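Scroll down for the structure; my scribbles are underneath it.
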Amino acid sequence: MSKILLVEDDPFLVTLLKAKLSREGFEILHAKDGQEAIDILRKGKPDLILLDIILPQKSGFEVLEEVRSDPQLRNVPVMIISNLGQTGDIEKGRELGVLEYFVKAKISVDELSDKVKEFLKK
1059 MSKILLVEDD PFLVTLLKAK LSREGFEILH AKDGQEAIDI LRKGKPDLIL LDIILPQKSG
1119 FEVLEEVRSD PQLRNVPVMI ISNLGQTGDI EKGRELGVLE YFVKAKISVD ELSDKVKEFL
1179 KK
């Protein structure tokens, strides 16, 4: 079973994504802020990280920078899901090696789930 770390502080979105991805057969770990995400990652490596950018304690970009600088974690695939849709933010995500950068307002939970399934089946 593929393990996904969902790093998101919006309780409504967390509930929707956890329900949808669990039904699809994924094990979901959840972190409500950037520091909790790092703590979870230090305990075990997920198959994919779904990462919000605007988070309490540490931003998603800070989490991503830590992940990329850690030899144990640097190859964990990351998809960003964020309200930040500025070109500069998307470019920064790409520079940090994210697979995809999804703007929340432009993607449904079903579409996101399909992208996750497509990636993890490879």
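Numbering-wise (the numbering used here), the sequence shown opens with residue 1059 and increments by one.
For every residue, glycine included, the Cβ atom is placed at its ideal position computed from N, Cα and C.
Note that this is a predicted model, so its numbers are computed, not measured.
Would you say P1104 and K1173 are within 8 Å of each other, going by their C-beta atoms?
The count along the sequence shown starts at 1 and reaches residue 1104 at position 46. The count along the sequence shown starts at 1 and reaches residue 1173 at position 115. With a cutoff of 8 Å on beta-carbon distance, P1104 and K1173 are scored as not near each other.
Within 8 Å, do at least three Cβ pairs link the region 1153-1165 to the region 1132-1143?
Counting Cβ pairs under 8 Å, three or more are found: they touch.
Which of helix, strand or coil does DSSP assign to F1160?
Taking the first residue of the sequence shown as 1, we reach residue 1160 at position 102. Here DSSP, grouped into helix, strand and coil, assigns F1160 to strand.
How would you label E1153, buried or exposed, when you count the other beta carbons within 10 angstroms and need 16 or more for buried?
Locating residue 1153 in the sequence shown gives position 95, counting from the first residue. Looking at its Cβ environment, which holds fewer than 16 other Cβ atoms inside 10 Å, E1153 is exposed.
Leaving out five residues before and five after L1005 in sequence, what residues of the same chain have Cβ atoms less than 6 Å from its Cβ?
Only positions 1059 to 1180 of the chain appear in the structure, and residue 1005 is not among them; the question remains open.
Which one of F1119, L1106, L1063, K1101 has the shortest CA to CA distance from L1178?
In the sequence shown, residue 1178 corresponds to position 120, counting from 1. Closest option to L1178, Cα to Cα, is L1106.
Residue(s) in a DSSP beta bridge with E1085
By 1-based counting over the sequence shown, the position of residue 1085 is 27. DSSP lists K1061 as partners of E1085.
On the criterion of 16 or more Cβ atoms from any shown chain inside 10 Å, does A1163 qualify as buried, or is it exposed?
By one-based count along the sequence shown, residue 1163 stands at place 105. Exposed is the call here.
When you compare each of I1096, I1086, I1165, S1171 to E1123 by their alpha carbons, which one comes out closest?
Along the sequence shown, one-based indexing puts residue 1123 at 65. Relative to the Cα of E1123, the nearest Cα in the group I1096, I1086, I1165, S1171 belongs to I1096.
Backbone CA spacing between I1148 and E1085 [nearest angstrom]:
Walking along the sequence shown from the start, residue 1148 turns up at place 90. Walking along the sequence shown from the start, residue 1085 turns up at place 27. For I1148 and E1085, the distance between alpha carbons rounds to 27 Å.
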